[in-house]
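Below: one structure, written as structure tokens.
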Amino acid sequence: MAEHLLVDAQGPLLRVTIHRPEKRNALSRAVLNELADVFTEQAAIPELKVVVLTGAGDKSFAAGGDLRDLAQVRSEEQATTMSHEARRALDAVSQFPVPVIAALNGDAIGGGAELAVACDFIIAPPTSRIGFIQGKLNITTAWGGGARLLSRLPAPLALRLLTRSELLDAHAAQRIGLIDQVAEEGQTLEQCVEQFTKPMLAQAPQVLRGFKALALSHTDGLSKAELAEIETRHLVATWTHDDHWDAADKILNTRKSP
4 MAEHLLVDAQ GPLLRVTIHR PEKRNALSRA VLNELADVFT EQAAIPELKV VVLTGAGDKS
64 FAAGGDLRDL AQVRSEEQAT TMSHEARRAL DAVSQFPVPV IAALNGDAIG GGAELAVACD
124 FIIAPPTSRI GFIQGKLNIT TAWGGGARLL SRLPAPLALR LLTRSELLDA HAAQRIGLID
184 QVAEEGQTLE QCVEQFTKPM LAQAPQVLRG FKALALSHTD GLSKAELAEI ETRHLVATWT
244 HDDHWDAADK ILNTRKSP
């Protein structure tokens, strides 16, 4: 039972909420361990299509690491252990077998920004901000977020954000490709998420898993031949699935209608 997370399974949609509003949803080691456990457990559910990861309240998606908790991490050994344990959580998010969407209910700062880019897509209201401001604490990114940012954006741009500890508003982040969609005027974050996920939820789960597997393999730097093999394997699995033939029959029957 997660103490700091709310886990709400709604059929093909899974919603995970970091529930520490009094701490601005700061990422303590306990929270990170719960994230790792929840995402690892939920990965086995075959009917899942989309995961939405968000925070409680309207101030912070995640205000970085919990400084009070992490103040106990002093030695090189402790810092290494902390980094490895946190990476387990963010890897469980990034390697989840279906798309994961970060819905920024508020600011994603430091470690919160690292968590956001571990997701496949980022959606935010115009009032949200995102920033890799670790440099202001005289540290580098701790949980794989720097490497993920360099994969997500052109390297010079990612390096600029990191070395300047830039804090971007949602529209500025969208312009450079860091945020995928910003809620329109008069549109709530929930409405924006619903609009963004609707086409995904219309897909069969095995199709989404196939595309996510291909994306993960591409990120891992596999060869063209290896990527082709993965793509072919998922094509064969989805082509021979009843869902494909049901969809094809509907189109064929529609075309036959006078």
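If you use the numbering used here, the sequence shown corresponds to residues 4 to 261, in order.
Idealized CB from N, CA, C, for every residue including glycine.
From a predicted model like this one, the values you see are computed outputs, not experimental measurements.
Does residue i come out as helix, strand or coil in the three-state DSSP assignment?
i, result
"ALA158", "helix"
"GLY148", "helix"
"PHE135", "coil"
"ALA231", "helix"
"ALA127", "strand"
"GLN194", "helix"
"GLN75", "coil"
"GLN81", "helix"
"GLN98", "coil"
"PRO208", "helix"
"SER226", "coil"
"ARG23", "coil"
"PRO202", "helix"
"GLU6", "coil"
What does DSSP give as the partner residues of residue i in its beta bridges?
i, result
"SER63", "ASP110"
"ASP246", "In DSSP, ASP246 forms no bridge with anything."
"LEU170", "GLY134"
"ARG18", "ASP11 and VAL55"
"VAL103", "VAL54"
"LEU30", "GLY68"
"VAL185", "ALA127"
What's the C-alpha gap between residue i and residue j?
i, j, result
"ASP40", "ASN256", "46 angstroms"
"LEU170", "ASP249", "48 angstroms"
"HIS174", "LEU56", "20 angstroms"
"LEU70", "ILE142", "13 angstroms"
"GLY149", "LEU165", "8 angstroms"
"LEU17", "ASP94", "18 angstroms"
"GLN184", "PRO129", "10 angstroms"
"ARG163", "LEU152", "11 angstroms"
"ARG27", "ALA47", "30 angstroms"
"GLU117", "ILE254", "43 angstroms"
"GLU25", "GLY58", "11 angstroms"
"GLY213", "ASP246", "14 angstroms"
"ASP11", "GLU44", "13 angstroms"
"LEU217", "PHE99", "12 angstroms"
"ILE112", "ASP252", "49 angstroms"
"LEU204", "GLN194", "15 angstroms"
"LEU238", "GLU229", "14 angstroms"
"ARG32", "LEU38", "10 angstroms"
"SER86", "LEU73", "11 angstroms"
"HIS3", "TRP146", "Since the first and last residues shown for the chain are 4 and 261, residue 3 lies out of range."
"VAL210", "VAL103", "15 angstroms"
"ALA65", "ILE133", "10 angstroms"
"GLU50", "GLY60", "29 angstroms"
For residue i, does the count of other Cβ atoms within 10 angstroms reach 16, so buried, or fall short, so exposed?
i, result
"LYS52", "buried"
"GLY180", "exposed"
"GLY224", "exposed"
"SER97", "buried"
"ARG167", "exposed"
"THR243", "exposed"
"THR23", "The question names Thr, but residue 23 is Arg in the sequence shown. Buried, by the Cβ-count rule."
"THR20", "buried"
"SER131", "buried"
"LEU30", "buried"
"GLY68", "buried"
"THR83", "exposed"
*Do the stretch 127-140 and the stretch 79-98 make contact, defined as three or more Cβ pairs closer than 8 angstroms?*
no
*Using 8 angstroms as the threshold, is the stretch 183-202 in touch with the stretch 73-85, meaning 3 or more CB pairs across them?*
no
*Are there three or more Cβ pairs, one per stretch, closer than 8 angstroms when the stretch 124-134 is compared with the stretch 103-113?*
yes
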